[in-house]
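**Student:** Chains A and B are the protein sequences, given in the same order. Residues in the first sequence are numbered from 0 upward in steps of one, following numbering that gives the first Met the number 0. Residues in the second sequence are numbered from 0 upward in steps of one, following numbering that gives the first Met the number 0. Backbone N, C-alpha and C fix where the C-beta goes; we use that ideal spot for every residue, glycine too.
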Amino acid sequence: MHVAFIFSLALSGIEYGLVLGLMAAGLSLIYGVMGNVNTAHGTFYMLGGFLLFLLSIAGLPTPAAIAIAVAASFALGIAVIFALPANLRIAVSSDDANLTMITMLMLAIAVEYLLDVLTGGVTLPVPSLAIGSFTLSHVAFTYQSIIAAVMSAAVYAALAAFLRYSKIGKAIRAYSQNQELAEALGVEGSKIVALAFGIGVALAALSGTLLTPIYGVNSSSGWDMLVIAFIIVTLGGLGSIFGSLIGGMIYGIGYSLLSYYMPTYTYIILLVIIYVIIILKPTGIMGEIVEKF
Amino acid sequence: MAIIAAAAGGAYAYYNSATSASRAPILIGLEAPLSGSYAPSGEQVLQGAELAVAQVNSQGGVLGHPLKIIAQDEGPTTSTAIQAAQILVEQDHVQFLIGPYWSGDVAAVMPYLYQHKVLEILTVSAVDSFMKPPYNAYTFRVGEDDHQNALLAVAFLNMTHARTFVYLGEDYLWTHEVYNFTLQMLPQYGVSATLLWAAYYPGSATDYSSAIAKIAATHPDAVLVYMSGENSIDFIKQYVSNPTTRNIPVLLVDTPLILPSYAQSVQAAIPGGINYVFIGAPTDYVPGVTDKFFALTQKEYGYSASIFAPDAYDAVMILAQAIQRAGTLNTTAVAQAMMVTNYTGPGGHVVFTPQHTPVVGYGYKTGTIYQVVIQNGAIYYERVWPPYVANFTAVNPATGQPYQ
């Protein structure tokens with residue numbers, strides 16, 4: 000029974016990790032193209048849940064509300080990028096890159112305070128796609144979490160196919176590997192950056208719509224998720240979408256098992272393990288095994 | 000004529016200055032989280048205090064002076080809490096302070112307030128280990144107390160006839176303290192429940208599926224959960240999603256689930272899920288008094304349940320009475336006057352121990368246990384303990400029948 004129980008815990012961790020990894024994949028995509036970490040990534044996770052709440056109280060069915068929330072986040076991401084000065088959109092120097100990170104961080108804080116004012120800081124009721132659960136060796140699997148995991152896996156596959164086979168996907172990959180050469184071949188840097196950013200934050204928003212029915216959403220929901228996304232991206236390999244998938248599952252399994260055996264030290268042990276992995280393989284698990292994306 | 004006019008003008012100016020000086024407000028600082036995810040709780044502290052100030056001022060103030068609250072946001076870190084205290088003391092010159100909210104901030108700020116002889120009243124932080132000389136010389140606690148939190152656990156285990164239980168808490172000092180007090184108090188109250196296991200979770204945790212799976216696997220008769228804020232909401236959503244654990248009676252202490260907005264968010268996510276969940280509120284229910292207070296909060300602020308507003312109200316009232324008794328604003332004298340407090344307000348009956356904490360037990364501060372009951376989609380908070388204020392017989396979630 001104990002083996003079955005551990006297996007169920009690990010399965011629960013994979014389920015959790017798949018959705019987190021999706022958010023991390025978005026972060027990785029943005030990093031790969033912009034060469035910069037999106038410090039407002041958690042905000043888009045939170046916005047996904049918040050928009051889902053708003054659309055649900057407007058009377059939209061949950062699946063439609065999710066689609067609109069994700070599409071709106073995509074559009075918002077593009078708008079944010081085009082609102083940045085050109086030197087911050089495509090950072091040439093490390094100073095520009097740092098300034099971009101700071102600017103996005105300020106944006107994230109401003110959005111949090113705005114939502115505090117609008118919502119009073121309370122947790123908002125976000126509707127689930129499905130209600131109900133079953134248990135496997137005492138571990139509960141809600142239908143919402145299963146749908147979230149399946150959708151995440153499907154979106155991963157779609158993203159991988161998009162990047163590998165579509166013209167725009169190839170342009171994104173080319174730009175991420177060599178900006179100057181890609182631009183010389185006719186790839187428009189600004190548009191690619193905006194598109195990649197839009198896709199990246201849309202993935203964060205999708206994660207938000209899938210997880211906030213389980214964990215709730217309020218104005219500060221994005222910060223913890225941002226840190227987890229950073230961890231997964233670092234573990235999986237910066238710029239590697241597949242790495243984010245692997246990193247997410249490792250994180251999810253590790254979290255699930257450690258919080259069963261040693262809940263007080265879960266984060267400490269998890270971070271030490273990840274630190275050791277980074278020491279042994281600084282580029283992350285998938286950092287050099289496959290080309291970017 | 001000119002001389003008369005000048006004399007009249009001078010007399011009028013003198014009259015104005017004299018009455019202005021006698022109406023100079025007594026400043027009461029207040030530190031609470033007024034931004035971020037704990038802002039709703041912090042604002043309730045402020046609102047409770049302001050209601051008391053309005054009440055006192057409507058009756059002529061204290062020693063001829065009106066009271067005035069000056070609030071500062073405690074912020075998300077200890078350094079912002081210290082900064083807030085410094086602003087209140089050094090810029091606003093307050094001699095009395097309500098708060099801070101968080102225990103870590105209380106520990107950081109206490110030495111500073113002691114040095115400046117600022118009389119501090121805690122309404123949320125419940126850690127007993129801080130209430131020791133010399134720093135507790137000017138510090139009093141009227142609200143939540145960890146002995147009281149432990150008493151809620153003992154009462155719950157007794158009420159549910161639990162023979163075994165598990166204890167889960169956020170990994171903060173107060174939950175460890177409550178755990179120790181609970182184990183000490185069980186034999187004192189003749190309750191023979193056995194602890195199966197205890198675990199503490201990081202404050203930033205959101206996923207409790209492993210913990211809940213362990214509860215389902217070990218199947219205790221009752222579960223004690225000491226988590227505040229969003230953590231308790233995350234926990235209970237996952238707890239009631241597990242078909243096994245939702246039938247095991249669970250007591251949530253210090254949870255915002257007592258607020259209808261949070262309960263509705265959980266109800267929306269899992270309809271009927273929180274039916275028969277127990278809530279331990281650190282404030283007492285005093286018939287006639289608490290109802291009247293919550294009628295006022297409903298009218299002024301739109302809510303009729305709170306674990307923060309009553310104690311903040313009581314803090315101001317107790318302080319006002321102590322200043323009146325002392326006849327001075329000298330904080331040493333007021334602190335001495337505080338020691339003879341015998342006050343009953345919406346948060347309960349307050350008498351101070353030598354450690355400046357509220358006496359805990361029947362007839363004094365006990366806290367209140369509620370059971371959430373959902374009928375036709377509407378959420379009700381039924382009082383099930385203490386027996387002398389209960390209006391409902393607690394229901395076993397596994398059977399749907401009252402406990403005998």
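1) Please determine if the stretch 148 to 167 of chain A and the stretch 30 to 41 of chain A are in contact, where contact requires at least 3 C-beta pairs separated by less than 8 Å.
2) Grab the span of the alpha helix (DSSP H) containing B/Q266 for me, first residue to last.
3) Are the beta-carbon atoms belonging to B/G366 and B/D283 less than 8 Å from one another?
4) Do B/P242 and A/T134 have their beta-carbon atoms positioned less than 8 Å apart in this structure?
5) List the residues of chain A whose Cβ lies closer than 7 Å to the Cβ of B/I269, in chain order.
6) For chain B, is any of its Cβ atoms less than 8 Å away from the one on A/V121?
7) So is B/G35 in contact with chain A if we call contact Cβ pairs under 8 Å?
8) Identify whether B/A20 lies in helix, strand or coil by the three-state DSSP scheme.
9) Which residues in the same chain as A/L83 place their Cβ atom closer than 8 Å to its Cβ, once the five residues preceding and following it in sequence are excluded?
10) So B/I81 and B/A107 are supposed to be a Cβ contact under 8 Å. How far apart are they, rounded?
11) Compute the beta-carbon to beta-carbon distance between A/P124 and B/S264, rounded to the nearest angstrom, for a pair I have assumed lies under 8 Å.
12) Three-state secondary structure (DSSP) at B/W101?
13) With a threshold of 8 Å on Cβ separation, who are the neighbours of B/D170 within its own chain once the five nearest residues in sequence on each side are excluded?
14) Which runs of the alpha helix (DSSP H) fall wholly inside the stretch 62 to 94 of chain A and span at least 4 residues, in chain order?
15) In the structure shown, what three-state DSSP assignment does B/A405 receive?
16) Compare the Cα-Cα distances from B/A268 to each of A/S132, A/V226 and A/L205 and report the closest residue.
17) Drop a sphere of 10 angstroms on the beta-carbon of B/P255, count the other beta-carbons inside from all chains shown, and report buried for 16 or more, exposed for fewer.
18) At a Cβ threshold of 8 Å, is A/K291 touching chain B?
19) Spatial neighbours of B/P219 within its chain, please: CB distance less than 8 Å, with the 5 preceding and 5 following residues excluded, ordered by chain position.
20) With DSSP run on the structure shown, which of helix, strand or coil describes A/F4?
21) Tell me the start and end of each unbroken beta strand (DSSP E) in the stretch 181 to 225 of chain A that is at least 3 residues and wholly inside, in chain order.
22) Is it true that the CB of B/P345 sits closer than 8 Å to the CB of B/V285?
23) Assign A/G47 to one of three DSSP states: helix, strand, or coil.
24) How is B/T289 classed by DSSP in three states: helix, strand or coil?
25) Are there three or more Cβ pairs, one per stretch, closer than 8 Å when the stretch 103 to 120 of chain B is compared with the stretch 133 to 144 of chain B?
26) Give the residues of chain B in contact with A/D95, contact being defined as C-beta atoms less than 7 Å apart.
27) For a contact meaning CB atoms closer than 8 Å, what does B/I232 contact in chain A?
28) Put B/I273 into one of helix, strand or coil per three-state DSSP.
29) Alpha carbon to alpha carbon, how far is B/I232 from B/L258?
30) Would B/A198 pass as an interface residue toward chain A - the criterion being a Cβ-Cβ separation below 8 Å?
31) Less than 8 Å separating the beta-carbons of A/A68 and A/L87?
32) Determine which residues of the stretch 192 to 219 of chain B have a Cβ less than 8 Å from any Cβ of chain A, and write them out in chain order.
33) Classify A/E187 as buried or exposed, calling it buried when 16 or more other Cβ atoms lie within 10 Å of its own Cβ.
34) State the Cα-Cα distance for the pair B/I444 and B/Q147, rounded to the nearest angstrom.
35) From B/I25 to B/R324, what distance separates their C-alpha atoms?
36) For the stretch 239 to 250 of chain B, which residues have a beta carbon sitting closer than 7 Å to at least one beta carbon of chain A?
**Tutor:** Checking against the coordinates, here is how it stands:
1) no
2) P259 to A268
3) yes
4) yes
5) I130
6) yes
7) yes
8) Caution is warranted here: a pLDDT of 43 is assigned to B/A20, below 50, making its placement in the model unreliable, and the coordinate value is therefore given only provisionally. The answer is helix: DSSP assigns B/A20 an H, G or I state.
9) T99 and T102
10) 6 Å
11) 4 Å
12) coil
13) Y199, Y200, P201 and G202
14) 85 to 88
15) A question about residue 405 of chain B goes unanswered here, because the residues of chain B that appear run from 0 up to 403.
16) A/S132
17) buried
18) Because the pLDDT at A/K291 is just 49, under 50, the model does not fix this residue reliably, and the value given afterwards should be weighed accordingly. By this cut-off, A/K291 is not an interface position.
19) A161, T163, F164, V165, L195 and I247
20) helix
21) none
22) yes
23) helix
24) helix
25) yes
26) Here the premise fails: no neighbours, minimum Cβ distance about 29 Å.
27) T122 and G215
28) coil
29) 11 Å
30) yes
31) no
32) A198, Y199, Y200, P201, S203, A204, T205, D206, Y207, S208, S209, A210, I211, A212, K213, A215 and A216
33) exposed
34) Because chain B is modelled from 0 through 403, residue 444 of chain B falls outside the range shown and cannot be assessed.
35) 15 Å
36) S240, N241, P242 and T243
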